[in-house]
Amino acid sequence: EDKVVQSPLSLVVHEGDTVTLNCSYEVTNFRSLLWYKQEKKAPTFLFMLTSSGIEKKSGRLSSILDKKELFSILNITATQTGDSAIYLCAVWAADGLTFGKGTHLIIQP
Amino acid sequence: EAGVAQSPRYKIIEKRQSVAFWCNPISGHATLYWYQQILGQGPKLLIQFQNNGVVDDSQLPKDRFSAERLKGVDSTLKIQPAKLEDSAVYLCAVEDNFSGANVLTFGAGSRLTVL
């Protein structure tokens, strides 16, 4: 059974801080890893990662994959209150798309 | 979210009652999914459709849950009778191709509370 584990499960920081969210996985026939942001609505797609060591970047958000150590990180720099959300990691593999429990990020003003 | 409409957004029912959710994606998506997201957990797959046919319903509690996709576009998910543990957000998603890989586009979800 494919497994995706995210840490921390919750995180509270102050505006302007930098945060790192972690996602580790144990799957069969890895295809790709996805990051989503979920506010009080639909999860919205952030990044798709398939190759190790290649950083994907979008504004203050960036992500990288390590296929040898089986993990990915999502970095958010200069956090803003609008970054408060649940960040979901998901992996496409033999069992289809498996989600982690998410990291609940709260940015305090 | 703009590509996948779900209704109703919120529903409160008592246990043993029935409920139905609708998913109306824009056309052109062969693969459609229903996920259940319980508070504090990630989405869990209930059922996957390819056009009109079911690809995977191994995690669907078939004694109470049913789903169908008519004409390969819209889909409905029904729960009858509902249990307390069915309280969750029910997410519909379609599969898009992004740079050669598959990405899911989700609807806003239907939040069910069973009392």
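Chains as they are written, first to last, in the numbering used here: chain W, 34 to 142; chain B, -1 to 113.
Each residue gets a CB set at the ideal place from its N, CA and C atoms; glycine is no exception.
Just so you know, these numbers come straight off a predicted model, no measurement behind them.
(message) For the beta strand (DSSP E) containing residue 129 of chain W, name the first residue and the last one.
(response) Within the first sequence, residue 129 of chain W is the residue found at index 96, counting from 1. First-last of the beta strand (DSSP E) with residue 129 of chain W: 129 to 132.
(message) Is the separation between the beta-carbon of residue 81 of chain B and that of residue 13 of chain B shorter than 7 Å?
(response) In the second sequence, the residue the question calls residue 81 of chain B occupies position 83. In the second sequence, the residue the question calls residue 13 of chain B occupies position 15. Yes, the Cβ-Cβ distance between residue 81 of chain B and residue 13 of chain B is below 7 Å.
(message) Let me check one thing: in DSSP terms, what residues is residue 3 of chain B bridge-paired to?
(response) One-based indexing of the second sequence puts residue 3 of chain B at position 5. BP columns for residue 3 of chain B point to B/22.
(message) Rounding to the nearest angstrom, what Cα-Cα distance links residue 48 of chain B and residue 40 of chain W in this structure?
(response) Here residue 48 of chain B refers to the residue found at position 50 of the second sequence. Here residue 40 of chain W refers to the residue found at position 7 of the first sequence. Going from the Cα of residue 48 of chain B to the Cα of residue 40 of chain W covers about 33 Å.
(message) Could you check if residue 18 of chain B belongs to the surroundings of the ligand HEM, using beta carbon to heavy atom distance under 6 Å?
(response) Absence of the ligand HEM is noted for the structure shown, with no ligands found whatsoever.
(request) Kindly identify the DSSP beta-bridge partner or partners of residue 63 of chain W. (result) Locating residue 63 of chain W in the first sequence gives position 30, counting from the first residue. None; residue 63 of chain W has no bridge partner.
(message) Here's a check: name, in chain order, each residue in its chain whose Cβ is nearer than 8 Å to the Cβ of residue 145 of chain W, leaving out the five neighbours to either side.
(response) What the structure shows of chain W is the stretch from 34 to 142, and residue 145 of chain W is not part of that stretch, so it cannot be assessed.
(message) Please classify residue 114 of chain W as buried or exposed, where buried requires at least 16 other C-beta atoms within 10 Å of its C-beta.
(response) Here residue 114 of chain W refers to the residue found at position 81 of the first sequence. Label assigned to residue 114 of chain W: exposed.
(message) Would residue 86 of chain B and residue 4 of chain B be called neighbours here (beta carbons separated by less than 7 Å)?
(response) Looking up residue 86 of chain B in the second sequence gives position 88. Looking up residue 4 of chain B in the second sequence gives position 6. Not closer than 7 Å, so no.
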